[in-house]
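Everything below concerns the one structure shown next.
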Amino acid sequence: IGMRVRTDQPSLQISSGNVLNGTNVATRIPKKRSQSFGLEPQYYQWRGAFAVEAQQYTDAVNHANFPSVVLRRGEFYSQRTSYQLFGQSTSESGSFAVVLDPMG
Numbered sequence: 394i395g396m397r398v399r400t401d402q403p404s405l406q407i408s409s410g411n412v413l414n415g416t417n418v419a420t421r422i423p424k425k426r427s428q429s430f431g432l433e434p435q436y437y438q439w440r441g442a443f444a445v446e447a448q449q450y451t452d453a454v455n456h457a458n459f460p461s462v463v464l465r466r467g468e469f470y471s472q473r474t475s476y477q478l479f480g481q482s483t484s485e486s487g488s489f490a491v492v493l494d495p496m497g
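For what it's worth, the working numbering labels the leading residue of the sequence shown as 394, then goes sequentially.
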């Protein structure tokens, strides 16, 4: 399985789920019903999820040599990002791809 990302942003932040702990009642995060099966509540486990976020440079407000990320009154911010997930199937049909591509 692989993923291609196209974005107009200069960086990606990847969160790996290392802080998830489905066994600690105080800190566990429940899955949505649409992400679960059965009737019992289910929780994200250690490294059970990840997030990929296109963004400006992290901590840019504290680095004069980074492009400004300050948005002033009346200014507009937008970004475009597309993700393509791909892989090789174990069936005779071969490879597959899932494309979420607002960038065309």
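The C-beta atom is built at its ideal place from N, Cα and C for all residues, glycine as well.
Local conformation of residue i per DSSP, three classes
| i | result |
| --- | --- |
| R426 | helix |
| T420 | coil |
| Q472 | coil |
| S404 | strand |
Cβ separation of residue i and residue j, assumed to be a contact under 8 Å, to the nearest whole Å
| i | j | result |
| --- | --- | --- |
| Q388 | Q402 | Missing from the structure shown is residue 388; the chain here goes from 394 to 497 and no further. |
| S408 | Y450 | Going by Cβ atoms, the distance from S408 to Y450 rounds to 16 Å, so no, they are not a contact pair. |
Rounded C-alpha distance that separates residue i from residue j
| i | j | result |
| --- | --- | --- |
| K425 | A444 | 16 Å |
| P460 | F479 | 33 Å |
| W439 | S475 | 27 Å |
| Q481 | I394 | 7 Å |
Option in the options with minimal Cα separation from residue i
| i | options | result |
| --- | --- | --- |
| V418 | V462, Y450 and Y437 | Y437 |
| G410 | G441, Q435 and S429 | G441 |
| R397 | E446, N414 and S429 | E446 |
List, from N- to C-terminal side, the beta strand (DSSP E) runs of 3 residues or more that fit wholly inside the stretch 426–467. The qualifying runs are 444–448.
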